[in-house]
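For the record, in the sequence shown the residue sitting at position 463 is 461 according to this note's numbering, with numbers rising by one throughout.
Idealized CB from N, CA, C, for every residue including glycine.
Only a predicted model underlies this, so the values are computations on that prediction, with no experimental measurement involved.
Read through the structure below, which is laid out as structure tokens, and then see the notes.
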Amino acid sequence: MPRSMILPARSPGRLVGKLSLCFLVFAGASTPLTAAFNHGRLYVPAPTLSKVQPSVNLVGGCVSSLRDVQTSSKRRAGSLSMSAQNSNDSKKKSRSKRSAITAVALGLLVFTSSTVVNAAKKTAVAAAASDTVVPLVLPTIPRLALVCLLPTLLGYYKSEYGVSYGYGTAIAASSYLILSSIATAAGLPLLPAMKESLSFTSFQTAGILTSLSTTLKNLQTLLPTSLPAFHAAALFIYGTRLDLFLFYREVFLARFRAMRERIEERAKKQGSRWKRTPFLVSCAFLYFCMMSPLLITSQLCDGVTMTCGPGLLGGLGTGGLVSILEQSLRLSVFGALFGFLLGAFGDLNKTISKAVQGEDALITGGIFRFFRHPNYTGEVIGWVSSCLAGFLAVAWKMLSEGSGGRMPLWKSMAPYLLTSVMGAIGITFVLATATTGLEYRQKEKYGDTDEYQEWIKKSWVGIKMAPAQKEEGGE
């Protein structure tokens, strides 16, 4: 990373504040190009920065607290600078800074979770209180940007958390907000009456169970009848599953805890934790880009179901190219879910097999018989299919609307399409790099065995970089 991109370590509050707000301003600046949709029930107002003012105030408050900690630390260091206790003072200052960073990072994660839950509560209560049709009001771009940014800041606490828990939480929270908006507009709200059952003053188990049961019934009705809801549910399942798997792996598997600490030690050698800011903000931007296809399908595919018709070729006789595009759109959303489930089965297959055969065993059975790295390959399939769904949705909408609405639609969707491509390329590059590193390590460890040689002849490696280089990473 060029030195010019790293701000001085002596101004951590200013660093976090500026870069975080720059990310929000970028998201806000793109919103004028995304407004003006009013097709039936669909209404997406142009968001304003005033809607994220409480979040900006929160960031400002965190920054002020960090400045106070930094100022008090400087004063203590200055008062003792002429004494023989400089080394002890430096250790105390470092511990104080780490404590502040940890508190802010964990606080931001809690705030993200509470933001998502509160948004769901409001939409559910509004839907329950009204018998009229609720218009589809999607989360604003600044809110989604903030939801992607906040959990990523866990990387200040542990470097690896920004690309593990931060990644899964950003995807799960963003997709949940969109799914909740779609469900509310359809009259099938998620978590109805949860606000009354779960609060700081009361905890009603029966009410919570009833709310969860109603939510499952609503989803059972909604998902087959709404392609955007199915798309959002696929991403939510992926993000939630990833977080749960990472938590299990960290708690029960010592080798992954050791790997995390090795990554953290290398990160500490790079200097102050604040130097991680450009990387963490870029990760948050990547997560936002990966959510862009869902924003496209949510805006354009209102009323499209997941019920397949006579097939791609059959569409020629019933609706021509428009029908073919609609069927292809469904297949791409199914492809996204398939990819994410493939990755989940790969993780489950390897975890069980290593628990039975031992940590050093080469796993070649089950899903690994066909895919050498099903977790990485599945993710690539899932995210590329999701990106393809965004493009197919725009093409389908343009042809179904006729020539009159094609250019305005293309112009308004261009920013989403651009960020969708950036997200797909970015995550594919990351996963291909991880595949290359794992290929190198497996060849180095098992390359001389007949089992390995037979396995690589029959299994598909997936997407990888060339030439292979040794990398530190997960499995």
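1) Taking Y374 as the reference, which of V428, G363, L386 has the closest Cα?
2) Answer yes or no: do C299 and A391 have a C-beta to C-beta separation smaller than 9 Å?
3) Nearest to L284 by alpha carbon, out of I454, T426, Q451?
4) Flag this pair as touching only if the stretch 152 to 161 and the stretch 225 to 242 have three or more C-beta atom pairs under 8 Å; answer yes or no.
5) For the candidate residues H229, W453, L189, whose alpha-carbon lies nearest to that of L214?
6) Below 8 Å, can you find three or more Cβ-Cβ pairs linking the stretch 327 to 339 to the stretch 357 to 372?
7) Using DSSP with H/G/I as helix, E/B as strand and the rest coil, what is L175?
8) If we ignore side chains and look at the alpha-carbon of each, how far apart do V382 and Y165 end up?
9) By the three-class DSSP mapping on this structure, what secondary structure does F228 have?
10) Helix, strand or coil for T130? Go by DSSP, reduced to three states.
11) Report the option in M304, P133, Q218 whose CA atom is closest to the CA atom of L225.
12) So what does W458 bridge to, in DSSP terms?
13) For T219, report the span of its alpha helix (DSSP H) as first-last.
14) Return helix, strand or coil for T426, following the three-state DSSP convention.
15) Look up C146 in the DSSP assignment and say whether it is helix, strand or coil.
16) Among the residues of its own chain, which have a CB less than 6 Å from the CB of H37, if the five just before and after it don't count?
17) Looking at M396 and W408, is the spacing between their C-beta atoms short of 9 Å?
18) May I ask you to report which of helix, strand or coil DSSP gives E377?
19) Our contact map puts G333 next to I365 with C-beta atoms below 8 Å; I'd like the distance itself, whole angstroms only.
20) Quick test of your reading: F368 and W458, contact by CB under 8 Å. State the CB separation rounded to the nearest angstrom.
21) Kindly give me the distance between the Cβ atoms of Y163 and L244, rounded to whole angstroms, as I take these residues to be in contact under 8 Å.
22) Who are the Cβ neighbours of L186 in its own chain at under 7 Å, not counting the five residues just before and after it?
23) Within a Cβ cutoff of 7 Å, which residues of the same chain sit near G388, ignoring the five residues on either side of it in sequence?
24) My parser needs the alpha helix (DSSP H) runs of 4 or more residues fully inside the stretch 333 to 364; what are they?
25) Under 9 Å, do T433 and K455 count as touching if we go by C-beta distance?
26) Identify whether M80 lies in helix, strand or coil by the three-state DSSP scheme.
27) Just to confirm the assignment, what range does the alpha helix (DSSP H) spanning Y285 have?
28) Quick check on C385: buried or exposed, where buried means 16 or more other Cβ atoms within 10 Å of its Cβ?
29) Could one say the Cβ of L240 lies closer than 9 Å to chain C's Cβ atoms, at least one of them?
30) With a CB to CB cut of under 8 Å and the five nearest residues on each side skipped, what residues in its chain are close to T238?
31) If you follow the alpha helix (DSSP H) that A265 is part of, which residue opens it and which one closes it?
32) Throw me the rounded Cβ distance for the V161 and C287 pair, which I believe falls under 8 Å.
33) Tell me which residues share the same chain as K348 and place their Cβ nearer than 6 Å to its Cβ, disregarding the 5 neighbours each side in the sequence.
34) Can you tell me the Cα-Cα spacing of R141 and L148, whole angstroms?
Considering the structure as presented:
1) Looking up residue 374 in the sequence shown gives position 376. The residue with the shortest Cα to Cα distance from Y374 is V428.
2) Reading the sequence shown from its first residue, position 301 is the one you call residue 299. Reading the sequence shown from its first residue, position 393 is the one you call residue 391. Yes; because the gap between Cβ atoms is below 9 Å, this pair is in contact.
3) If you number the sequence shown from 1, residue 284 lands on position 286. Answer by Cα proximity: T426.
4) Fewer than three pairs of CB atoms, one per stretch, sit closer than 8 Å, so the stretch 152 to 161 makes no contact with the stretch 225 to 242.
5) Locating residue 214 in the sequence shown gives position 216, where the first residue counts as 1. Here the closest residue by C-alpha is L189.
6) The stretch 327 to 339, when compared against the stretch 357 to 372, does not touch it at the 8 Å Cβ threshold.
7) Numbered from 1 along the sequence shown, position 177 holds the residue referred to as residue 175. Reduced to three states, the DSSP call for L175 is helix.
8) Locating residue 382 in the sequence shown gives position 384, counting from the first residue. Locating residue 165 in the sequence shown gives position 167, counting from the first residue. Spanning the two alpha carbons is a distance of roughly 17 Å.
9) If you number the sequence shown from 1, residue 228 lands on position 230. Helix, per DSSP.
10) Numbered from 1 along the sequence shown, position 132 holds the residue referred to as residue 130. No answer about T130 holds up, because its pLDDT of 48 lies below 50 and its placement is not dependable.
11) The count along the sequence shown starts at 1 and reaches residue 225 at position 227. Cα-wise, what sits closest to L225 is M304.
12) Translated into the one-based positions of the sequence shown, residue 458 becomes position 460. For W458, which the question treats as bridged, DSSP gives the partners F369.
13) Within the sequence shown, numbered from 1, the residue matching residue 219 stands at position 221. Per DSSP, the continuous alpha helix (DSSP H) segment holding T219 begins and ends at 203 to 220.
14) As a first step, residue 426 must be located in the sequence shown, where it is residue number 428. The answer is helix: DSSP assigns T426 an H, G or I state.
15) Residue numbering aside, residue 146 sits at position 148 when the sequence shown is read from its first letter. Residue state for C146 is assigned as helix, using DSSP reduced to three classes.
16) Here residue 37 refers to the residue found at position 39 of the sequence shown. Reliability of the predicted coordinates at H37 is poor, the pLDDT of 34 falling under 50, and no value is obtained from them.
17) Counted from its first residue, the sequence shown places residue 408 at position 410. Counted from its first residue, the sequence shown places residue 396 at position 398. Yes, Cβ-Cβ distance for W408 and M396 is below 9 Å.
18) Numbered from 1 along the sequence shown, position 379 holds the residue referred to as residue 377. Assigned with DSSP and collapsed to three states, E377 falls in helix.
19) Sequence index remark: in the sequence shown, residue 333 carries index 335 (1-based). Sequence index remark: in the sequence shown, residue 365 carries index 367 (1-based). Between G333 and I365, the beta carbon gap of about 17 Å keeps them out of contact (Cβ cut-off 8 Å).
20) Counted from its first residue, the sequence shown places residue 368 at position 370. Counted from its first residue, the sequence shown places residue 458 at position 460. Yes, they are in contact, since the Cβ atoms of F368 and W458 sit about 7 Å apart, within 8 Å.
21) The residue labelled residue 163 in the question sits at position 165 within the sequence shown. The residue labelled residue 244 in the question sits at position 246 within the sequence shown. About 6 Å separates the Cβ atoms of Y163 and L244, confirming a contact at the 8 Å cut-off.
22) Position 188 of the sequence shown, counted from the first residue, corresponds to residue 186. The beta carbon of L186 sits closer than 7 Å to those of N216, T219, L220, all from its chain and outside the five residues before and after it, given in chain order.
23) The residue given as residue 388 occupies position 390 in the sequence shown. Answer for G388: S290, P291, I294, T295, Y414, L415, S418, listed in chain order.
24) Along the stretch 333 to 364, the alpha helix (DSSP H) does not occur as any fully enclosed run of 4 or more residues.
25) As a position in the sequence shown, residue 433 is number 435, starting the count at 1. As a position in the sequence shown, residue 455 is number 457, starting the count at 1. Against a cut-off of 9 Å, the Cβ pair of K455 and T433 comes out as no contact.
26) Taking the sequence shown and counting its residues from 1, one reaches residue 80 at position 82. At M80, the pLDDT of 49 sits below 50, so the modelled position is not reliable and the matter cannot be decided from this model.
27) Taking the first residue of the sequence shown as 1, we reach residue 285 at position 287. Unbroken alpha helix (DSSP H) run through Y285: 275 to 298.
28) Counting from one through the sequence shown, the residue named residue 385 turns up at place 387. C385 is buried by the Cβ-count criterion.
29) You won't find chain C in this structure, because it holds only one protein chain.
30) As a first step, residue 238 is located in the sequence shown; it is residue number 240 there, counting from the start. Excluding residues within five positions, the ones whose Cβ falls inside 8 Å are G166, A170.
31) Indexing the sequence shown from 1 puts residue 265 at position 267. Looking at the DSSP string, the run of the alpha helix (DSSP H) that includes A265 is 252 to 267.
32) Here residue 161 refers to the residue found at position 163 when the sequence shown is read from its first residue. Here residue 287 refers to the residue found at position 289 when the sequence shown is read from its first residue. Actually they are not in contact, since the Cβ atoms of V161 and C287 sit about 15 Å apart, beyond 8 Å.
33) Within the sequence shown, residue 348 is the residue found at index 350, counting from 1. Contacts found: I361.
34) As a first step, residue 141 must be located in the sequence shown, where it is residue number 143. As a first step, residue 148 must be located in the sequence shown, where it is residue number 150. Taking the straight line joining both Cα atoms gives about 11 Å.
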